[in-house]
Each structure stands twice: as C-alpha cells, then as structure tokens.
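Q: Here it is: the structure, laid out below.
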Amino acid sequence: MVKDAKIIDISYDYAPIIKMDPTLFINRVKYQSIHDIERYGKYLVFILDTDAMIMHMRMEGKFYIKKINDHVSSHEHVIFSFSDGRQMRYHDVRKFGTIHLLDKNSYKNQYPINGLGKEPKDLDPLDFYQLIHHRKTAIKNVLLNQHIISGLGNIYVDETLFLSGIHPKRLANKITKKEASKLVTSAREVLDKAIALGGSTIRSYTSSLGVHGRFQNELNVHTKFGEPCPKCQNTIVKMKVGGRTSYVCESCQK
DNA sequence: AGATGGACCCGTACGC
DNA sequence: TGCGTACGGGTCCATC
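The opening residue of the first sequence carries number 1190 in the numbering used here; numbering runs sequentially from there.
Have a look at this one:
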C-alpha cells in the first residue's frame, strides 16, 4: 500500500527511463506524497501533491515494495524512498519503461495520456466501427493502435481476432458493423479473463509480487505455431502483420 | 494517410 | 564449454 506514502528521496541508475532532466525530476517529486493511483490504458498514473507521475512499464516493468536495507537488484532502475523506511523500486530488465511528470491539473490533456483511445469496456461497438471504417490498414494494426482503442497488446490482439473469426490482415475498411461489434466484445472477454488470471507469463512477465500469470494456459492461437486450432484442428500458422509476430488459424479467421 | 523499418534493451534459446 | 546471433515486447520517429 503506497497510498499516502511520502517520497523523501529518489535515486536512479539509468536516466533514459525518466523523460525529463533527472535532477529536475527528483527536485520536483521529492517531498510529495502519493494520493492516488490511476490507470489509462497501459499507463499508470501516481497522483502526487501537485504533479502526476505517469508510468509506462512496457512488457515487464514492475514495482516492488522493499525495505531500505534490502538487496538492490541490478534491474531496479528508479528507487523512491518513503518517509516510513520503505522503498518503491521500479524494476525493468529491458529498461524500456518510461516516466513522465506533469502538472496534476492538466496531465489528461497532455502527452502521453491525451491521445489515448477508449478501452474496450468503455468503447461503444458502433463508435469503434465509425473510428475504423475509413482506415485502409490491417485490422491488427488498428487494434494495436492505442490512439484508437487502448489496452490491447500483441498477445491479446491475436486472441481477440481469433475469438472474432477475423484474419489479422483484413483491411479495417472491410470490417462490417457486426464484425466491429464482435471485435469489441471479444476484446472485453479476452482482457477480463486475462486480468482474472493474473496476465500471461510467456517470456518473463510476472506481477509486481513475482507471481506468474495463468492466462498463457488459456491462449487459443498466440505462440501456438504448428499446433492444431482448438476450434477446427487446422494447423495454426505464424506470420508478420505490421511488423508484429502474429498467430492465426486461417480456417477460422477470414 | 499509411506502410515500413530502425531504434531502444537484454535474457533466452538456439546453432555451431 | 563457450561463443555468436536472432528474437520479441510497446512506442516513437524518420522516411518513403
């Protein structure tokens, strides 16, 4: 529980994660308290006294709460020390995560939060159709575009497309209203189930508590190259779509 | 407007 | 055993 924790110091060993001058960042965050934590798509937002600290943890970033004397892992890149002796440590093997600091009164209107699309659970299926029906790119690119619909990554897009019976290379402007609706409801289903099972541990992802997810056991197509489709037994194929590895049952997905 | 490819990073899984 | 290399994840950016 970090709510109401007061940050009295910050250290880092890898500056590029902090998307501003690190000294400025430290001076601004120091002595502010964490009042709330919000989430927008894949971004986590710590609401402080006057600022909003906006985190993106990419694929495997996570926060650990430890004691000040606990061993510091070489993958812990930003350490927030609290007044109560605990530390909140940002752990990121790939160093891909980002931290932005913005005024808490206006961060929603600024990059990186301002351009985000709605999440599947908040997106009206007909609105989704309106957003995509003029787009000439592959439907998979649309589903991965956080400015159109937020919250889906590569794994969950593959699963959403499978449940919808739609091929990742289908052009967005060829998607019918009925199919657009199916995509939104499938995306909700995929995310709800993945969240309930603690996410997908495919490479090295674990939760902040080091717990492995279990959704990888429920995957229908993603990573299933060469295996039979759970619906029709056709062999699942692997291909690139928009530069991203994609797994498809070409018998079920048209 | 859209597609493409590179950049960022490094543990893992390979091939030799 | 040890080395080299490809890969992938999310996002931005330059270029076509």
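In this text, a Cβ means the ideal position worked out from N, Cα and C, and glycines have one as well.
Could you check what DSSP says for residue 1300 in three-state terms: helix, strand or coil?
A: Within the first sequence, the letter at position 111 stands for residue 1300. Here residue 1300 sits in coil by DSSP.
Q: Kindly indicate which three-state DSSP category residue 1380 falls into: helix, strand or coil?
A: Locating residue 1380 in the first sequence gives position 191, where the first residue counts as 1. Three-state DSSP puts residue 1380 in a helix.
Q: Rounded to whole angstroms, what's the CA-CA distance from residue 1487 to residue 1390? Just pull it up for me.
A: Any answer about residue 1487 is impossible in this case: the structure gives the chain only from 1190 up to 1443.
Q: Hey, residue 1230 and residue 1340 are a contact pair by Cβ (cut 8 Å); roughly how many whole angstroms apart?
A: As a working note, residue 1230 is residue 41 in the first sequence. As a working note, residue 1340 is residue 151 in the first sequence. Indeed they touch by this definition, with Cβ atoms about 5 Å apart.
Q: Do the stretch 1402-1415 and the stretch 1321-1338 meet, that is, are 3 or more Cβ pairs less than 8 Å apart?
A: They do not touch, by the three-pair rule.
Q: Tell me whether the beta-carbon of residue 1350 lies closer than 8 Å to the beta-carbon of residue 1378.
A: Working through the first sequence from its first residue, we reach residue 1350 at position 161. Working through the first sequence from its first residue, we reach residue 1378 at position 189. Contact flag unset, no.
Q: For residue 1329, report the span of its alpha helix (DSSP H) as first-last.
A: Here residue 1329 is taken as the residue at index 140 of the first sequence, counted from 1. It spans 1328-1333 - the alpha helix (DSSP H) in which residue 1329 sits, taken as one unbroken run.
Q: Please go through the same chain and pick out, in chain order, the residues whose beta-carbon is closer than 8 Å to the beta-carbon of residue 1291, but skip the five residues on each side of it.
A: In the first sequence, counting from the first residue as 1, residue 1291 sits at position 102. Around residue 1291, the same chain offers 1240, 1241, 1243, 1299 as residues with beta carbons nearer than 8 Å, after the five sequence neighbours per side are excluded.
Q: For residue 1270, which option in 1203, 1386, 1222 has the closest C-alpha, if you only look at C-alpha atoms?
A: The residue you call residue 1270 lines up with position 81 of the first sequence. Out of 1203, 1386, 1222, 1222 has the C-alpha closest to the C-alpha of residue 1270.
Q: Grab the span of the beta strand (DSSP E) containing residue 1217 for me, first residue to last.
A: Position 28 of the first sequence, counting from 1, holds the residue named residue 1217. Note, residue 1217: premise wrong, no beta strand (DSSP E); alpha helix (DSSP H) at 1211-1218.
Q: Measure the Cβ-Cβ separation of residue 1267 and residue 1206 and say whether it is below 8 Å.
A: Position 78 of the first sequence holds residue 1267. Position 17 of the first sequence holds residue 1206. Cβ atoms of residue 1267 and residue 1206: closer than 8 Å.
Q: With a threshold of 8 Å, are at least 3 pairs of Cβ atoms found where one atom belongs to the stretch 1277-1284 and the other to the stretch 1253-1260?
A: Contact between the stretch 1277-1284 and the stretch 1253-1260 is present: three or more C-beta pairs spanning the two stretches fall below 8 Å.
Q: Between which two residues does the beta strand (DSSP E) carrying residue 1276 extend?
A: In the first sequence, counting from the first residue as 1, residue 1276 sits at position 87. Residue 1276 -> beta strand (DSSP E) spans 1275-1280.
Q: Please confirm whether residue 1369 and residue 1326 have their CB atoms less than 8 Å apart.
A: On the first sequence, position 180 is the one that residue 1369 refers to. On the first sequence, position 137 is the one that residue 1326 refers to. It is not a contact, given that the beta carbons lie outside the stated cut-off.
Q: When we look at the beta-carbon of residue 1246 and count the other beta-carbons within 10 Å, is it buried (16 or more) or exposed?
A: Sequence index remark: in the first sequence, residue 1246 carries index 57 (1-based). The residue in question, residue 1246, is buried, as its Cβ has 16 or more Cβ neighbours within 10 Å.
Q: Could you compute how far the alpha carbon of residue 1197 sits from the alpha carbon of residue 1217?
A: In the first sequence, counting from the first residue as 1, residue 1197 sits at position 8. In the first sequence, counting from the first residue as 1, residue 1217 sits at position 28. The alpha-carbon atoms of residue 1197 and residue 1217 are separated by roughly 11 Å.
Q: Among 1287, 1412, 1315, 1342, which residue has its Cα nearest to the Cα of residue 1201?
A: The residue labelled residue 1201 in the question sits at position 12 within the first sequence. Checking every option, the nearest Cα to that of residue 1201 belongs to 1287.
Q: To the nearest angstrom, how far is it from the Cα of residue 1425 to the Cα of residue 1387?
A: Here the question's residue 1425 lines up with position 236 in the first sequence. Here the question's residue 1387 lines up with position 198 in the first sequence. Cα to Cα, residue 1425 sits roughly 25 Å from residue 1387.
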